[in-house]
Amino acid sequence: MTEFYDPYLYDLNVGPGSRVGDIYLAEAKRRKGPILEIGCGTGDVLLPIARAGFEVVGLDMSRAMLDRFRERISSERPSIAKNIELIEGRMESFFLPRSFQQIIIANDGIAHLLDGQSLRSTLNNCYTHLAPGGGLALDISFFDVQYLGRFIGSEREILRDRGCFSLSNNGAIQVWEQTQYDHEEGVLTANFRYELLDEFYNVIRTYYRRLRLHPRRPSEVALALEVVGFVNVQLERLERLEEESAGWILRASKS
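1 is the number of the first residue of the sequence shown in the numbering used here; add one for each residue after it.
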């Protein structure tokens with residue numbers, strides 16, 4: 001089974017998954033740099049920030065995603081490329097010999113932390129790597145009890161059609177999903193089937209991916225921030241034009 005954040009499939013931007021990275025350019029301008037993004041992926045959040053003139057560091061556990069990011073950097077102007085550093089590592093356990101004015105975790109990245117200890121370790125790492133007065137910004141999706149409840153009962157066995165998306169080569173990609181939710185552990189497991197179609201809609205390749213997430217309430221994340229020492233924890237609802245609601249952004253500072 002292919003890793004969920006395979007760079008090819010990720011860059012197609014099809015199927016479910018939050019993409020609210022555009023809000024972080026404004027966040028960068030609020031506190032300036034240097035800026036660390038945790039879970040930087042292929043760079044769709046961090047590259048625009050670097051193009052705006054900020055010194056940035058991207059951390060990700062996927063070497064394949066970082067390699068794709070490096071390909072994108074190679075096409076940038078030298079004045080931009082020199083301000084981008086990429087590091088392979090896990091958000092729960094990374095250590096860098098420097099501090100940052102701002103750290104961001106975009107696109108509900110903390111949902112990948114499946115237990116409370118991993119969440120606390122990550123937030124503690126963020127606190128340790130911030131300069132005094134620096135800030136952390138992260139977004140989380142809405143905690144939808146009714147949606148999650150659907151995947152405790154019989155609907156957890158259903159293969160759902162998540163859409164057919166046109167590709168630039170006149171082909172398309174069909175996305176299917178089968179989802180289960182463990183309410184005791186709080187973990188959502190989604191198994192995806194991606195069917196790559198030719199221009200006549202014949203299946204020419206099939207990808208399988210599994211995604212495990214721990215959806216969290218804003219109050220849970222805010223409390224975890226305060227426990228590790230953050231102050232001035234602020235919560236703001238995110239509204240998007242293309243959907244009724246996208247979630248929340250949390251901001252916190254290091255004293």
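From the three backbone atoms N, C-alpha and C, an ideal C-beta is built for every residue, glycine too.
3-residue-minimum beta strand (DSSP E) runs that sit fully inside the stretch 16-65, ordered along the chain: 35-38 and 56-60
As assigned by DSSP and simplified to three states, the class of Glu236: strand
Contact check, Ile173 vs Leu12, beta carbons under 8 Å: yes
Inter-residue Cα distance where the pair is Gly43 and Phe69: Between the alpha carbons of Gly43 and Phe69 lies a gap of roughly 5 Å.
Neighbour-count burial assignment, Asp22, 16 or more Cβ in a 10 Å radius: exposed
Residues near Leu235 in its chain [Cβ-Cβ closer than 7 Å; skip 5 each side]: Pro218, Ala222, Trp248 and Leu250
Same chain only: Cβ atoms within 7 Å of Tyr201, ignoring 5 sequence neighbours per side: Ala172
Closest by C-alpha distance to Gln178, when choosing among Ile110, Arg205 and Leu211: Closest by alpha carbon: Leu211.
Exposure label - Ala111; buried when at least 16 CB within 10 Å: The residue in question, Ala111, is buried, as its Cβ has 16 or more Cβ neighbours within 10 Å.
Distance, Ser166 Cα to Phe230 Cα: 44 Å
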